[in-house]
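*Asks:*
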Amino acid sequence: MKNIIRLLTVVVIFITTNVYSQKCKYDYQKKDEITGEETKGSTFDVKRGWKFGLNKNGNQYSVGMLINLNGNVRDIITPENTIIFKLENGEIITVKANQDYVPTAQATEYGIVSIYNSRYTISKDDLQKMASSPLIYIRISIGLQTYDESLVAKKGKSFQEQASCILK
């Protein structure tokens, strides 16, 4: 009887741990055969036409941004341009573009769309802050323009979980 109770206790603990443990899913994850460095990343949809990626390459971390803007926008993202993340706990994290990024324009059935694909270095400390609190607001600067977006709680929590996974 004691053995059955112990077995049931172990099974309940195992199931509870698996149900509540965080499942990390990556868009890509690989290990370099020569250096042993791990590379991984995951993508986060902010809204239609706005995507962010959190990436780890060895011990370097970055944020990638893919954003579509209506029209033939010619503004250039420079290292002076930033993305500002506001977390639920009031923490503000600012990252700067790594280099100049020029948009590409694409004709669609709905008109011209300008596409920006840029990368921003982020410190491990700032990524740990993102992993500790949900994201609630994003401000992007492109050239002299700014674009803002508030996030619903579910999306902010998803971003927080992805930041936590990239740190693992």
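Residues are numbered in this note's numbering as their position in the sequence shown, beginning at 1, plus a constant of 1420.
No residue lacks a Cβ here, since even glycine has one placed at the ideal position from N, Cα and C.
1. Can you give, in chain order, each stretch of the beta strand (DSSP E) that sits fully within the segment 1515-1556 and has at least 3 residues?
2. What's the C-alpha gap between Glu1453 and Leu1587?
3. Counting along the chain, where does the alpha helix (DSSP H) carrying Leu1486 start and finish?
4. Could you pull out every residue in the same chain whose Cβ sits closer than 7 Å to the Cβ of Lys1506, ignoring the five residues on either side in sequence?
5. The beta strand (DSSP E) spanning Glu1569 covers which residue range?
6. Leaving aside the five residues before and after Gln1565 along the sequence, list all residues of the same chain whose C-beta is less than 7 Å from its C-beta, in chain order.
7. When you compare only the Cα positions, how much space is there between Gly1489 and Asn1509?
8. Please name the residue in Trp1470, Thr1524, Asn1479, Lys1574 whose C-alpha comes closest to that of Arg1559.
9. Write down the C-beta distance between Tyr1540 and Lys1516 rounded to the nearest angstrom, noting that I regard them as a contact closer than 8 Å.
10. Have a look at Val1533 and Cys1585 and give me their C-alpha separation to the nearest angstrom.
11. What do you get for Val1483, buried or exposed, if any count of 16 or more other CB atoms within 10 angstroms of its CB means buried?
12. With a threshold of 6 Å on Cβ separation, who are the neighbours of Ser1538 within its own chain once the five nearest residues in sequence on each side are excluded?
13. Quick one: what does DSSP say Glu1458 is sitting in, helix, strand or coil?
14. Taking the CB atoms as reference points, tell me whether Ser1561 and Thr1502 lie closer together than 7 Å.
*Replies:* Reading from the atomic positions:
1. 1524-1528, 1531-1542
2. Taking the sequence shown and counting its residues from 1, one reaches residue 1453 at position 33. Taking the sequence shown and counting its residues from 1, one reaches residue 1587 at position 167. Computed Cα separation, rounded: 21 Å.
3. Residue 1486 sits at position 66 when you count from the first residue of the sequence shown. Looking at the DSSP string, Leu1486 is not in any alpha helix (DSSP H); the run it does join, the beta strand (DSSP E), is 1480-1490.
4. Position 86 of the sequence shown, counted from the start, is the residue given in the question as residue 1506. If we look at Lys1506 and ignore the five residues flanking it on each side, its Cβ neighbours are Ile1512, Ile1556, Tyr1557.
5. Against the sequence shown, residue 1569 aligns to sequence position 149. Element bounds for Glu1569: 1565-1570.
6. As a working mapping, residue 1565 is identified with position 145 in the sequence shown. Excluding residues within five positions, the ones whose Cβ falls inside 7 Å are Asp1495.
7. Counted from its first residue, the sequence shown places residue 1489 at position 69. Counted from its first residue, the sequence shown places residue 1509 at position 89. Here residue 1489 is Leu; the residue named in the question, Gly, does not match the sequence. If I take the Cα positions, the gap works out to 30 Å.
8. Residue numbering aside, residue 1559 sits at position 139 when the sequence shown is read from its first letter. Cα-wise, what sits closest to Arg1559 is Trp1470.
9. Start at 1 with the first residue of the sequence shown, and residue 1540 comes out as number 120. Start at 1 with the first residue of the sequence shown, and residue 1516 comes out as number 96. Correct: roughly 6 Å between the Cβ atoms.
10. The residue labelled residue 1533 in the question sits at position 113 within the sequence shown. The residue labelled residue 1585 in the question sits at position 165 within the sequence shown. In a straight line, the C-alpha of Val1533 is about 32 Å away from that of Cys1585.
11. Here residue 1483 is taken as the residue at index 63 of the sequence shown, counted from 1. By the neighbour-count rule (16 or more Cβ atoms within 10 Å), Val1483 is buried.
12. Taking the first residue of the sequence shown as position 1, residue 1538 is located at position 118. The answer, listed in chain order, is Met1485, Ile1497, Ala1517, Tyr1521.
13. One-based indexing of the sequence shown puts residue 1458 at position 38. In this structure, Glu1458 counts as strand in the three-state DSSP scheme.
14. Along the sequence shown, read from residue 1 onward, the residue named residue 1561 stands at position 141. Along the sequence shown, read from residue 1 onward, the residue named residue 1502 stands at position 82. Going by C-beta atoms, Ser1561 is nearer than 7 Å to Thr1502.
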